[in-house]
Amino acid sequence: MAKNIYFSGGHSNVPMVIMASTGGGYSDGGQHSQCLYATFAHLPGMKVVAPSNAYDAKGLLTAAIRDNSPVIYLFHKGLQGMGWLGTEPAAINQVPEENYQLEIGKAKTVISGTDITIVSIGMGVHHALKAAHELQKADISIEVIDLCSLVPLDREHIIESVNKTGRLIVVDEDYHSYGMSGEIFASVIEHDHTIFKTPPQRITYPDIPIPFSRPMEQWALPSTEKIIHACLTMKEK
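Sequential numbering of the sequence shown, starting at 82, is according to the numbering used here.
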């Protein structure tokens, strides 16, 4: 699927969309709780999107269906279509009945800030927004970027934000190693390593199978509390 457009010299399109649920936090065990963003993003020839709210879910799905390339559409169980597990309230927003689409490969700044850039996707965006709200009380200004797409990755948007804040935290429910967080770090550092005021940090899932035990799983998952702690530590440096 990922290679056929290349193999045909661009003469055979593969307008295909594969949808899959992601995300943990429900004691579903390692079989059902992974966020395999990097697994799909690593394969050249496919686009990968992951909406964080209802409006983006429709816009990205419409764009995916109309795209001539294969698109992996990953939706988090806590944000879309699995409400019996407990839906994140901030993911429920107004969705127009008319047709519209979001451009695949374009990130967006959800809230603007000047002190720290937090980059995430899916559920991580909501953790970041809650942390930003709490950190306002400590007079720390957070900029939250929702990637919306992993492939293509909007590196320019990320770099522009970090160039302003000088600090970067990446929140990723996928595994810690070989993933989205490392790619984002590399993208910024390769552009200009001198823009960092402090070393970047990442809040990710440890390199372990997802536990069935709820206390163990909650310990491993990214959270608002972990983001707040990282931001406070980073701001002190």
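All C-beta atoms, glycine included, are put in the ideal place defined by N, C-alpha and C. It should be emphasised that the depicted structure is a prediction, and the values quoted were computed from it without experimental measurement.
A direct Cα-to-Cα measurement between CYS312 and ASN94 gives close to 44 Å. Look at TYR118 here: in three-state DSSP terms it is helix.
Under the three-state reduction of DSSP output, SER230 falls in the strand class. The three-state reading of DSSP puts ASP273 in helix, counting H, G and I together. Within the segment 211-255, complete beta strand (DSSP E) segments of at least 3 residues are found at 223-227, 230-232, given in chain order. Of the residues assessed, PHE121 falls on the buried side of the cut-off, its CB having 16 or more other CB atoms within 10 angstroms.
LEU166 has its alpha-carbon roughly 44 Å from the corresponding atom of THR275. Restricting attention to alpha helix (DSSP H) runs no shorter than 4 residues, the segment 169-193 encloses none. Boundaries of the beta strand (DSSP E) around GLN282: 282-286. Contact between MET127 and VAL232 holds, since their C-beta atoms are separated by about 7 Å, short of 8 Å.
At the C-beta level, ALA119 and ILE173 stay beyond 9 Å of one another. Taking LYS278 as the centre and dropping the five residues before and after it, the same chain places the C-beta of GLY247, ARG248 closer than 7 Å to its C-beta, in chain order. Under the DSSP assignment, HIS157 falls in the beta strand (DSSP E) whose first and last residues are 152-157. Taking 9 Å as the cut-off, the Cβ atoms of ILE197 and ASP148 do not count as close. The criterion of a C-beta distance shorter than 9 Å is satisfied by ILE284 and ILE308. By the neighbour-count criterion, in which a residue is buried when 16 or more other Cβ atoms sit within 10 angstroms of its Cβ, THR314 is exposed. By alpha-carbon distance to GLY260, the top candidate from PRO287, PRO96, ASN244 is PRO287.
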